[in-house]
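Trainee: The sequence shown lines up with residues 2 to 303 when you count with this note's numbering.
Dropping the structure in here first, questions after.
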Amino acid sequence: MNFYIVMQGRTYLEEKSKGVIWSLIKDKSGQTPHFWERMKEVKAGDAIFHYVKGEIIAISIASQDCHEGKSPYQASDSTLGFTVETAYEELERPLSIKENLQAIQPLLPLKYSAFQEDGDGNQGYLYPCNELLALKLLELISDLNIYEEAQEQLEFAIGTIASKERNTLIPVLAETESEAKKKLRKGKKKFKQGLSPLWDHQCALCGINLPELLRATYSKSWKDSTDEERLDIYNGLLLCCNHEILYDQGYIAFDGSGKIHISNEVSNSEYGKYGIHSKMRINRREENKPYFKWHKRNIFRK
Ligand SMILES: [Zn+2]
Numbered sequence: 002m003n004f005y006i007v008m009q010g011r012t013y014l015e016e017k018s019k020g021v022i023w024s025l026i027k028d029k030s031g032q033t034p035h036f037w038e039r040m041k042e043v044k045a046g047d048a049i050f051h052y053v054k055g056e057i058i059a060i061s062i063a064s065q066d067c068h069e070g071k072s073p074y075q076a077s078d079s080t081l082g083f084t085v086e087t088a089y090e091e092l093e094r095p096l097s098i099k100e101n102l103q104a105i106q107p108l109l110p111l112k113y114s115a116f117q118e119d120g121d122g123n124q125g126y127l128y129p130c131n132e133l134l135a136l137k138l139l140e141l142i143s144d145l146n147i148y149e150e151a152q153e154q155l156e157f158a159i160g161t162i163a164s165k166e167r168n169t170l171i172p173v174l175a176e177t178e179s180e181a182k183k184k185l186r187k188g189k190k191k192f193k194q195g196l197s198p199l200w201d202h203q204c205a206l207c208g209i210n211l212p213e214l215l216r217a218t219y220s221k222s223w224k225d226s227t228d229e230e231r232l233d234i235y236n237g238l239l240l241c242c243n244h245e246i247l248y249d250q251g252y253i254a255f256d257g258s259g260k261i262h263i264s265n266e267v268s269n270s271e272y273g274k275y276g277i278h279s280k281m282r283i284n285r286r287e288e289n290k291p292y293f294k295w296h297k298r299n300i301f302r303k
């Protein structure tokens, strides 16, 4: 299962009434922008978050792979486009992106993000949604639509209508959440198994080798990596928990020669506490270099 975010605006009602998402194939200049091209990737079973005017207002599960189909807007219009039949579940309480930006923003990819840094939606149609972002959106949607509402119903003891709607939404949320978790867990397990021998099953910096303390960490973040990069054992390092957080949060980075760079946010007098010093170097391979470079440019705190 893959996840997507569709930006619908004015087209939402018509597309929902036909149970589809739909885009043109080419623009006026004969090009297919990435947010239409991506329609072709959608497969039956994929989950789609529907964004309208600042909020996620529905979630849907595609019932068929993308194919070419007629425009849903006017019966007389025979324009062909990319179409995906999908089962809409409208949220009783939409999720505002801006109000939850603090939780959402760190999970947005640098490239092809559905939302801008200030939380506004980007122009375009279909955007990718990595599993970490999907899990966060699902969690926020559940908080709003299941827990808070259940709480209110307990307080006021009203309404069977709302609970009927939740009966179809809850399984969709539960299913998609478990799929996202499974995909993350499987990907990370495979990654760690492949990567551990490269670092002799010990922290690349300090040599700690207690398996419980070791983490396989990405250089190019999960949210920014392609599926191949997520499995590429050179896109990461084996580090102890302490060094893993320092690396993941950009307090340390490595250059092409494997030499450590330490952020100015860590004062020299504190290096010892964190188990780092400025002469550290790791035994990098040639294939690590592009990923170290990406990490140093995008994650490192200088
Ligand atoms: Zn370490």
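A virtual CB, placed ideally from N, CA and C, is assigned to each residue, including glycine.
#1: Would you check if the distance between the CB atom of Glu56 and the CB atom of Leu81 is smaller than 8 Å?
#2: Apart from the five residues just before and just after Pro34, which ones in its own chain have a Cβ nearer than 7 Å to its Cβ?
#3: According to the neighbour-count rule (16 or more other Cβ atoms, all chains shown, within 10 Å of its Cβ), is Ser79 buried or exposed?
#4: Report the rounded CA-to-CA distance for Gln65 versus Ile49, giving the unit in angstroms.
#5: Identify whether Gly257 lies in helix, strand or coil by the three-state DSSP scheme.
#6: Would you say the region 198–214 touches the region 222–242, given that touching needs at least three Cβ pairs under 8 Å?
#7: Cβ of His350 versus every heavy atom of ligand 1: is any distance shorter than 7 Å?
#8: Between which two residues does the alpha helix (DSSP H) containing Leu247 stretch?
#9: Would you mind reading off the limits of the beta strand (DSSP E) that contains Gly120?
#10: What's the gap between the Cα of Asp119 and the Cα of Lys54?
#11: Considering only heavy atoms of ligand 1, does any lie closer than 7 Å to the CB of Ile209?
#12: I need the boundaries of the alpha helix (DSSP H) containing Trp37, first residue and last residue.
#13: What is the DSSP secondary structure of Glu180, counted as helix, strand or coil?
#14: Assuming Gly188 contacts Arg216 under a Cβ cut-off of 8 Å, what Cβ separation, rounded to an integer in Å, is found between them?
#15: Taking 7 Å as the line, does the beta carbon of Cys67 fall inside it for any heavy atom of ligand 1?
Mentor: Looking at the atomic coordinates:
#1: No, the Cβ-Cβ distance between Glu56 and Leu81 is not below 8 Å.
#2: Within the same chain, and ignoring the five residues on either side of Pro34 in sequence, the residues whose Cβ sits closer than 7 Å to its Cβ are Asp28, Gly125.
#3: So Ser79 counts as exposed.
#4: Gln65 and Ile49: Cα-Cα distance of roughly 13 Å.
#5: In the three-state DSSP reduction, Gly257 falls in the coil class, being neither helix nor strand.
#6: Proximity of the region 198–214 to the region 222–242 meets the contact definition, three or more beta-carbon pairs being nearer than 8 Å.
#7: Outside the shown range of the chain (2 to 303) lies residue 350, about which nothing can therefore be said.
#8: Its alpha helix (DSSP H) spans residues 242–249.
#9: Careful: Gly120 lies outside any beta strand (DSSP E) and carries neither H nor E.
#10: So the two alpha carbons sit approximately 14 Å from each other.
#11: Yes.
#12: Counting along the chain, the alpha helix (DSSP H) containing Trp37 begins and ends at 35–38.
#13: In this structure, DSSP gives Glu180 a helical state, which the three-state scheme calls helix.
#14: Actually they are not in contact, since the Cβ atoms of Gly188 and Arg216 sit about 14 Å apart, beyond 8 Å.
#15: No, the beta carbon of Cys67 sits no closer than 7 Å to any heavy atom of ligand 1.
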